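With this note's numbering applied, the sequence shown has no gaps in its numbers, which climb one by one up to 218 at the end.
Note that the Cβ used here is the ideal one computed from N, Cα and C, for glycine as well.
Model, not experiment: these values are computed from the prediction.
A short worksheet on the structure shown next.
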Amino acid sequence: MITALATGAFLGLSCGISPGPLLALVLAQSLRHGPREGCKIAFTPLLTDAPIILVALLTAAQLAQLQWWLGIVSIAGGAFLLYLAWDSVQPAPPDSMDPADHPGSWLKGFLTNLLSPHPWLFWLTVGAASLARMIASSWLAAAGFLCAFYLMLVGSKVAIALLAGRSRNLLAGRPYRIAMRILAALLALFALLLFREGWKHLDRA
(Lines of atoms letter the chains of each structure in order from A and count residues from 1; the text may use other names and numbers.)
(Lines give C-alpha, C1' and ligand atoms only; values in the text may rest on other atoms or scores of the structure.)
Protein backbone atom coordinates (compact mmCIF):
# COMPACT_ATOMS: atom_id res chain seq x y z
CA MET A 1 0.00 0.00 0.00
CA ILE A 2 2.84 2.39 0.86
CA THR A 3 4.46 1.61 -2.48
CA ALA A 4 1.19 2.37 -4.29
CA LEU A 5 0.79 5.71 -2.50
CA ALA A 6 4.41 6.71 -3.09
CA THR A 7 4.29 5.75 -6.77
CA GLY A 8 1.01 7.58 -7.34
CA ALA A 9 2.22 10.69 -5.52
CA PHE A 10 5.50 10.82 -7.44
CA LEU A 11 3.86 10.36 -10.83
CA GLY A 12 1.08 12.82 -10.00
CA LEU A 13 3.49 15.53 -8.91
CA SER A 14 5.67 14.96 -11.99
CA CYS A 15 2.67 15.30 -14.30
CA GLY A 16 1.27 18.25 -12.34
CA ILE A 17 4.30 20.51 -12.59
CA SER A 18 5.61 19.43 -16.00
CA PRO A 19 5.14 22.03 -18.76
CA GLY A 20 2.19 21.34 -21.02
CA PRO A 21 -1.01 22.78 -22.50
CA LEU A 22 -3.06 22.35 -19.33
CA LEU A 23 -0.50 24.05 -17.09
CA ALA A 24 -0.21 26.95 -19.56
CA LEU A 25 -4.01 27.29 -19.49
CA VAL A 26 -4.02 27.23 -15.67
CA LEU A 27 -1.62 30.17 -15.69
CA ALA A 28 -3.50 32.05 -18.41
CA GLN A 29 -6.90 31.75 -16.72
CA SER A 30 -5.45 32.62 -13.30
CA LEU A 31 -3.82 35.79 -14.63
CA ARG A 32 -6.80 36.81 -16.72
CA HIS A 33 -9.74 35.88 -14.49
CA GLY A 34 -8.26 35.13 -11.07
CA PRO A 35 -7.12 32.01 -9.17
CA ARG A 36 -10.63 30.58 -8.91
CA GLU A 37 -10.80 30.08 -12.68
CA GLY A 38 -7.30 28.64 -12.73
CA CYS A 39 -8.33 26.15 -10.05
CA LYS A 40 -11.26 25.05 -12.22
CA ILE A 41 -8.80 24.17 -14.97
CA ALA A 42 -6.69 22.26 -12.43
CA PHE A 43 -9.66 20.07 -11.49
CA THR A 44 -10.66 19.11 -15.06
CA PRO A 45 -8.48 15.95 -15.19
CA LEU A 46 -10.87 14.49 -12.62
CA LEU A 47 -13.61 14.81 -15.26
CA THR A 48 -11.71 13.78 -18.37
CA ASP A 49 -9.33 11.03 -17.30
CA ALA A 50 -11.86 8.30 -16.44
CA PRO A 51 -12.58 7.32 -20.08
CA ILE A 52 -8.88 7.68 -20.92
CA ILE A 53 -7.93 5.27 -18.12
CA LEU A 54 -10.63 2.81 -19.19
CA VAL A 55 -9.44 2.85 -22.81
CA ALA A 56 -5.83 2.53 -21.64
CA LEU A 57 -6.54 -0.54 -19.50
CA LEU A 58 -8.48 -2.19 -22.32
CA THR A 59 -6.05 -1.40 -25.12
CA ALA A 60 -2.60 -0.95 -23.58
CA ALA A 61 -1.44 -4.22 -25.15
CA GLN A 62 -2.47 -2.92 -28.59
CA LEU A 63 -0.76 0.48 -28.40
CA ALA A 64 0.74 0.16 -31.86
CA GLN A 65 -2.73 0.03 -33.39
CA LEU A 66 -3.74 3.34 -31.80
CA GLN A 67 -1.33 5.56 -33.72
CA TRP A 68 -4.09 6.93 -35.95
CA TRP A 69 -6.23 7.80 -32.93
CA LEU A 70 -3.36 9.59 -31.16
CA GLY A 71 -2.67 11.46 -34.39
CA ILE A 72 -6.25 12.70 -34.69
CA VAL A 73 -6.37 13.67 -31.00
CA SER A 74 -3.07 15.55 -31.32
CA ILE A 75 -4.15 17.56 -34.36
CA ALA A 76 -7.55 18.39 -32.85
CA GLY A 77 -5.85 19.44 -29.62
CA GLY A 78 -3.39 21.62 -31.53
CA ALA A 79 -6.23 23.42 -33.30
CA PHE A 80 -7.99 24.10 -30.00
CA LEU A 81 -4.79 25.40 -28.39
CA LEU A 82 -4.33 27.82 -31.29
CA TYR A 83 -7.80 29.16 -30.52
CA LEU A 84 -6.85 29.58 -26.84
CA ALA A 85 -3.63 31.34 -27.85
CA TRP A 86 -5.54 33.78 -30.05
CA ASP A 87 -8.00 34.40 -27.20
CA SER A 88 -5.06 35.35 -24.93
CA VAL A 89 -3.20 37.66 -27.32
CA GLN A 90 -5.14 40.83 -26.48
CA PRO A 91 -6.84 40.25 -23.13
CA ALA A 92 -8.59 42.95 -21.17
CA PRO A 93 -6.77 44.10 -18.01
CA PRO A 94 -7.72 42.14 -14.88
CA ASP A 95 -9.47 45.12 -13.28
CA SER A 96 -11.57 45.88 -16.35
CA MET A 97 -13.28 42.51 -16.74
CA ASP A 98 -16.98 42.68 -17.51
CA PRO A 99 -18.92 40.84 -14.77
CA ALA A 100 -20.99 39.30 -17.56
CA ASP A 101 -17.85 37.92 -19.21
CA HIS A 102 -17.88 34.14 -18.79
CA PRO A 103 -14.36 32.69 -18.60
CA GLY A 104 -15.58 29.24 -19.68
CA SER A 105 -12.85 27.60 -17.64
CA TRP A 106 -14.56 24.22 -17.24
CA LEU A 107 -15.12 23.83 -20.98
CA LYS A 108 -11.66 25.09 -21.91
CA GLY A 109 -9.98 22.77 -19.41
CA PHE A 110 -12.15 19.82 -20.42
CA LEU A 111 -11.35 20.19 -24.12
CA THR A 112 -7.67 20.96 -23.56
CA ASN A 113 -7.09 17.85 -21.46
CA LEU A 114 -9.27 15.55 -23.55
CA LEU A 115 -7.73 16.72 -26.85
CA SER A 116 -4.15 16.62 -25.61
CA PRO A 117 -2.20 13.41 -26.31
CA HIS A 118 -0.26 13.78 -23.06
CA PRO A 119 -2.80 12.10 -20.74
CA TRP A 120 -3.48 9.49 -23.44
CA LEU A 121 0.21 8.71 -23.83
CA PHE A 122 0.74 8.63 -20.06
CA TRP A 123 -2.16 6.28 -19.37
CA LEU A 124 -1.45 4.09 -22.40
CA THR A 125 2.13 3.56 -21.21
CA VAL A 126 3.41 4.01 -17.66
CA GLY A 127 0.00 4.82 -16.17
CA ALA A 128 -1.77 1.70 -17.41
CA ALA A 129 1.19 -0.51 -16.52
CA SER A 130 1.40 0.91 -12.99
CA LEU A 131 -2.35 0.70 -12.41
CA ALA A 132 -2.55 -2.86 -13.76
CA ARG A 133 0.25 -3.86 -11.39
CA MET A 134 -1.61 -2.31 -8.45
CA ILE A 135 -4.86 -4.05 -9.44
CA ALA A 136 -3.00 -7.37 -9.56
CA SER A 137 -1.82 -6.70 -6.02
CA SER A 138 -5.16 -5.52 -4.63
CA TRP A 139 -8.00 -3.16 -5.42
CA LEU A 140 -7.10 -1.20 -2.29
CA ALA A 141 -3.60 -0.59 -3.64
CA ALA A 142 -5.07 0.51 -6.99
CA ALA A 143 -7.43 2.93 -5.24
CA GLY A 144 -4.56 4.31 -3.15
CA PHE A 145 -2.46 4.78 -6.28
CA LEU A 146 -5.21 6.74 -8.05
CA CYS A 147 -6.01 8.87 -4.99
CA ALA A 148 -2.36 9.79 -4.44
CA PHE A 149 -1.84 10.45 -8.15
CA TYR A 150 -4.77 12.86 -8.51
CA LEU A 151 -4.17 14.50 -5.14
CA MET A 152 -0.70 15.53 -6.29
CA LEU A 153 -1.68 16.21 -9.92
CA VAL A 154 -4.58 18.50 -9.05
CA GLY A 155 -3.00 19.86 -5.88
CA SER A 156 0.16 21.03 -7.62
CA LYS A 157 -1.83 22.81 -10.34
CA VAL A 158 -4.11 24.44 -7.75
CA ALA A 159 -1.02 25.72 -5.92
CA ILE A 160 0.32 27.16 -9.17
CA ALA A 161 -3.06 28.81 -9.88
CA LEU A 162 -3.11 30.42 -6.44
CA LEU A 163 0.43 31.73 -6.83
CA ALA A 164 -0.36 33.09 -10.30
CA GLY A 165 -3.55 34.69 -8.99
CA ARG A 166 -1.61 36.55 -6.28
CA SER A 167 0.96 37.84 -8.74
CA ARG A 168 -1.95 38.96 -10.93
CA ASN A 169 -2.54 41.87 -8.56
CA LEU A 170 1.06 43.00 -9.08
CA LEU A 171 0.61 43.22 -12.84
CA ALA A 172 -0.97 46.20 -14.54
CA GLY A 173 -0.96 47.70 -17.99
CA ARG A 174 1.99 46.72 -20.16
CA PRO A 175 3.45 44.02 -17.82
CA TYR A 176 0.09 42.24 -17.78
CA ARG A 177 -0.21 42.34 -21.58
CA ILE A 178 3.34 41.05 -21.94
CA ALA A 179 2.67 38.19 -19.49
CA MET A 180 -0.50 37.18 -21.34
CA ARG A 181 1.22 37.33 -24.72
CA ILE A 182 4.03 35.14 -23.42
CA LEU A 183 1.43 32.61 -22.28
CA ALA A 184 -0.30 32.92 -25.66
CA ALA A 185 3.02 32.20 -27.34
CA LEU A 186 3.49 29.14 -25.11
CA LEU A 187 0.01 27.86 -26.02
CA ALA A 188 0.78 28.39 -29.71
CA LEU A 189 4.10 26.56 -29.28
CA PHE A 190 2.35 23.62 -27.65
CA ALA A 191 -0.17 23.67 -30.50
CA LEU A 192 2.63 23.36 -33.07
CA LEU A 193 4.21 20.54 -31.06
CA LEU A 194 0.85 18.74 -31.00
CA PHE A 195 0.54 19.16 -34.77
CA ARG A 196 4.00 17.64 -35.18
CA GLU A 197 3.16 14.75 -32.86
CA GLY A 198 -0.11 14.22 -34.70
CA TRP A 199 1.56 13.95 -38.11
CA LYS A 200 4.14 11.56 -36.68
CA HIS A 201 1.44 9.29 -35.27
CA LEU A 202 -0.53 9.37 -38.53
CA ASP A 203 2.63 8.61 -40.50
CA ARG A 204 3.21 5.51 -38.36
CA ALA A 205 -0.39 4.33 -38.69
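Can you find the residues in the same chain that come closer than 7 Å, C-beta to C-beta, to residue i, ignoring five residues on each side of it along the sequence?
| i | result |
| --- | --- |
| Glu210 | Ser87, Pro130 |
| Pro116 | Gln42, His46, Glu50 |
| Leu59 | Tyr163, Val167 |
| Ala113 | With a pLDDT of only 47 at Ala113, under 50, the local geometry of the prediction cannot be trusted, and no value is derived from it. |
Please name the residue, chosen from the options, that lies closest to residue i on a Cα-to-Cα basis.
| i | options | result |
| --- | --- | --- |
| Phe135 | Ala37, Leu200, Phe162 | Phe162 |
| Ala55 | Trp152, Leu164, Phe208, Arg194 | Leu164 |
| Leu67 | Tyr96, Leu137, Trp152 | Leu137 |
| Thr61 | His214, Leu35, Ala172 | Leu35 |
| Cys28 | Ser180, Gly178, Ser169 | Ser169 |
| Ser31 | Gln80, Pro48, Phe203 | Phe203 |
| Leu26 | Arg217, Leu205, Leu159 | Leu159 |
| Trp99 | Leu205, Ser180, Ala201, Arg217 | Ala201 |
Who are the near neighbours of residue i in its chain, counting only those whose CB is closer than 8 Å to its CB and skipping five residues on each side?
| i | result |
| --- | --- |
| Ala155 | Ala17, Leu144, Met147, Ile148 |
| Leu196 | Ala37, Leu40, Ala41, Leu44, Ser101 |
| Thr125 | Pro34, Leu35, Leu38, Ile54, Thr57, Gly90, Phe93, Leu94, Leu97 |
| Gly157 | Met14, Ala17, Leu18, Gly21, Met147 |
| Ser118 | Gln42, His46, Glu50, Gly51, Lys53, Ile54 |
Excluding the five sequence neighbours on either side, which residues of its own chain have a C-beta within less than 6 Å of the C-beta of residue i, listed in chain order?
| i | result |
| --- | --- |
| Leu70 | Ala141 |
| Leu127 | Thr61 |
| Gly122 | Ile54, Thr57 |
| Ala63 | none |
| Trp212 | none |
What is the C-beta distance between residue i and residue j, in whole angstroms, given that I count them as a contact (C-beta under 8 Å)?
| i | j | result |
| --- | --- | --- |
| Leu199 | Ala37 | 5 Å |
Going by the beta-carbon positions, is the gap between residue i and residue j smaller than 9 Å?
| i | j | result |
| --- | --- | --- |
| Leu24 | Val171 | no |
| Leu175 | Pro48 | yes |
| Leu215 | Gln80 | yes |
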